[in-house]
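Each remark here refers to the structure printed beneath this line.
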Amino acid sequence: MDATGYGALVQVCAKRRQNAQVLKYYKQMLKENVVPNTMTYNQIMKIYSTQSDGDQKALALLDEMESKDVTPDQVTFNLLIQATSQKRGDSDAQMPLILYRRMKKTLVSPNLFVFNSLISASSKTGSLALAEMREL
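Each residue of the sequence shown is one higher than the last, beginning at 1 in UniProt numbering.
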């Protein structure tokens, strides 16, 4: 099966909230050296973001995407910003802004959802300085 076929299966399972099955298909893709597309990666990130260590897993997926020449999109970065803003530690507080800068470097234009997630992250962490917010 190719990435399109697996992607369709992942989408159907995700809509049915069959997260274990989604992860099974993802692992099968990797085992068969099938490179997931952006939508598939986004579904995996969405699942990871509900887990206690999901922010780190989601960030690792971004690195994996880039290593496989899969282009992240607005949804990718929005999911990552939301996932990383759930943490309250000082070391995690700047991650949403770091992701925003990484987004700009990859030439992905932020949309309203991304800006809303950044504002929400700022209110949760209290770490995004006003000067940094002007950058947005």
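No residue lacks a Cβ here, since even glycine has one placed at the ideal position from N, Cα and C. Computed from a predicted structure; not experimentally measured.
(message) Considering Cα atoms alone, identify which of V108, L118, E64, F77 is closest to V35.
(response) E64
(message) Let's test the definition: count the other Cβ atoms within 10 Å of the Cβ of S109 and tell me whether it reaches 16, buried, or not, exposed.
(response) exposed
(message) Measuring alpha carbon to alpha carbon, tell me which residue in K57, T106, N33 is nearest M1.
(response) N33
(request) Using three-state DSSP, classify D63 as helix, strand or coil. (result) helix
(message) Check this for me: beta carbons of V75 and N42, under 9 Å apart or not?
(response) yes
(request) Measure the beta-carbon distance from T40 to D73 and round it to whole angstroms, keeping in mind my assumption that it falls under 8 Å. (result) So it is not a contact: roughly 12 Å between Cβ atoms.
(message) Mapping the DSSP letters down to three states, classify L80 as helix, strand or coil.
(response) helix
(request) Under 8 Å Cβ to Cβ from K27, same chain only, skipping five residues before and after it: list those, please. (result) none
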